[in-house]
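> One structure coming up, written as structure tokens, with questions to follow.
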């Protein structure tokens, strides 16, 4: 006599889910729905708070002075370089009777660059200056602003393929060639190990072009066989700081002959780490950009030098590009900023320039 199958087994074999599985599925759907609702409400509240913040700023500005145009600046307020770009843009705009607002600078909540770009576009300014991240989300945010007829000028990093109005900054390939000129005088009979590092906190995506320019310049000089180049991102922006990762490079025991830092963060961390680990003079170090820490390190010959660009020139050119576009409907798609080399021989001139208002 055949055994009688129970009802749940029949349902299971016929394709229906057991009751406990259904409950788990419903619970998962409920949790997911709640999470989506919370995220949507949070986003809406952020936009509402930002609009209220902007209305307050504009009302205050209107009560004290008037301006022709309102521009938004999207950047990292913790970066001295990006703050210098904003200050220069703000001064240039003020000279023209315009106003530049730093998006997110006074908000208590931290937002990604892409989110700040969307917040800026939501306020419908006359133009946006963005220290961009070259990824799909930022490209979409820039394109969304363009659809609203808001001109967007990218600084620092270009967003290839986007509908941005223009780019103001350096050529990464040329930057690589400039680094080659820094290390060529260090050529020796033996192979020189060169380590190129970048911080994950820095949203610059031109590393491939920099390395290409570096390799090509060395090859054209006939010195490509004298240098072995390695590239590495140091640290983990989520769990491991760049400062700790850079210090580990100097305590690991296998030091490179030459160290090239591609951003302000890794340069600043290296200036401190090489001193803390007593390795000053053991490695030739070239940084990027200048601040109080790197200028002092160059002056004391803790590092060999740093390549830099004028943040003032970038900020001024970005505003000028917006002004030109709004006035004529046209502007240069690419405005190149020159690269400068800061060494112990000329560092004092840059120190004086930094102090000049």
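Residue numbers (my numbering): 38 to 394.
Every residue, glycine too, gets a C-beta built ideally from N, C-alpha and C.
1) Note down the Cα distance separating residue 287 from residue 297, rounded to an integer number of angstroms.
2) Which whole runs of the alpha helix (DSSP H) in the region 322-387 are 4 residues long or more, in chain order?
3) Please state the DSSP three-state secondary structure of residue 203.
4) Can you check whether the CB of residue 320 is closer than 7 Å to the CB of residue 292?
5) Decide if the region 202-219 is in contact with the region 239-259; the criterion is three or more beta carbon pairs, one per stretch, under 8 Å apart.
6) What are the residues that DSSP puts in a beta bridge with residue 267?
7) Given residue 338, which residues of its chain have a CB within under 7 Å of its CB, disregarding the five upstream and five downstream residues?
8) Rounding to the nearest angstrom, what Cα-Cα distance links residue 120 and residue 198 in this structure?
9) Going by the DSSP bridge assignment, what does residue 191 pair with across the sheet?
10) Take residue 352 and list the residues in its own chain whose beta-carbon comes closer than 6 Å to its own, dropping the five residues that flank it on each side.
11) Specify the secondary structure class of residue 249 as computed by DSSP and reduced to three states.
12) Buried or exposed, going by whether 16 or more other CB atoms sit within 10 Å of the CB of residue 371?
13) Spatial neighbours of residue 174 within its chain, please: C-beta separation below 6 Å, excluding the five flanking residues on both sides.
14) Are the region 300-310 and the region 279-286 touching, with three or more C-beta to C-beta distances below 8 Å?
15) May I have the straight-line CA-CA distance separating residue 144 from residue 110, to the nearest angstrom?
16) Which residues in the same chain as residue 225 place their Cβ atom closer than 8 Å to its Cβ, once the five residues preceding and following it in sequence are excluded?
17) By how many angstroms is the C-alpha of residue 177 removed from the C-alpha of residue 66?
18) Using the Cα positions of residue 231 and residue 364, report the straight-line distance between them to the nearest angstrom.
19) When the Cα atoms are used, what is the spatial distance from residue 161 to residue 168?
20) Mind checking whether residue 334 and residue 327 have CB atoms under 7 Å apart?
21) Can you pull the DSSP bridge partners for residue 110?
22) Look up residue 296 in the DSSP assignment and say whether it is helix, strand or coil.
23) Quick one: residues in its chain with C-beta nearer than 8 Å to the C-beta of residue 386, no 5 flanking neighbours on either side, listed in chain order?
24) Once you ignore the five residues that flank residue 254 on each side, which residues in its own chain have a CB closer than 6 Å to its CB?
25) Taking the straight line between their C-alpha atoms, what separation do you get for residue 129 and residue 354?
26) Under three-state DSSP, which class holds residue 291?
27) Closest by CA to residue 137, which one among 106, 172, 156, 258?
28) First and last residue of the alpha helix (DSSP H) that includes residue 124?
29) Measure the Cβ-Cβ separation of residue 203 and residue 193 and say whether it is below 7 Å.
30) Do you know how far the Cα of residue 141 is from the Cα of residue 96?
31) Exposed or buried, residue 155, counting other C-beta atoms within 10 Å across all chains shown (16 or more means buried)?
Concretely, from the data shown:
1) 14 Å
2) 329-336, 348-365
3) strand
4) The answer is yes: Cβ separation under 7 Å.
5) Yes, the region 202-219 touches the region 239-259.
6) 232
7) 381
8) Take the alpha-carbon of residue 120 and the one of residue 198: they are about 27 Å apart.
9) 167, 204
10) So the list reads 122, 125, 126, once near-sequence residues are dropped.
11) helix
12) exposed
13) 151
14) yes
15) 14 Å
16) Setting aside the 5 residues that flank it on each side, residue 225 is surrounded in the same chain by 263, each with a C-beta closer than 8 Å to its C-beta; the list follows chain order.
17) 29 Å
18) 48 Å
19) 18 Å
20) Cβ atoms of residue 334 and residue 327: not closer than 7 Å.
21) 139, 166
22) strand
23) none
24) 214, 217
25) 9 Å
26) Residue 291 falls in the coil class under three-state DSSP.
27) Here the closest residue by C-alpha is 106.
28) Membership of residue 124 in the alpha helix (DSSP H) is indicated by the continuous run 117-132.
29) For residue 203 and residue 193, no; Cβs fall outside 7 Å.
30) Its pLDDT being 47, under 50, residue 96 is placed unreliably in this model, and the coordinates cannot settle the point.
31) A buried status is given to residue 155, since no fewer than 16 other beta-carbon atoms sit within 10 Å of its beta-carbon.
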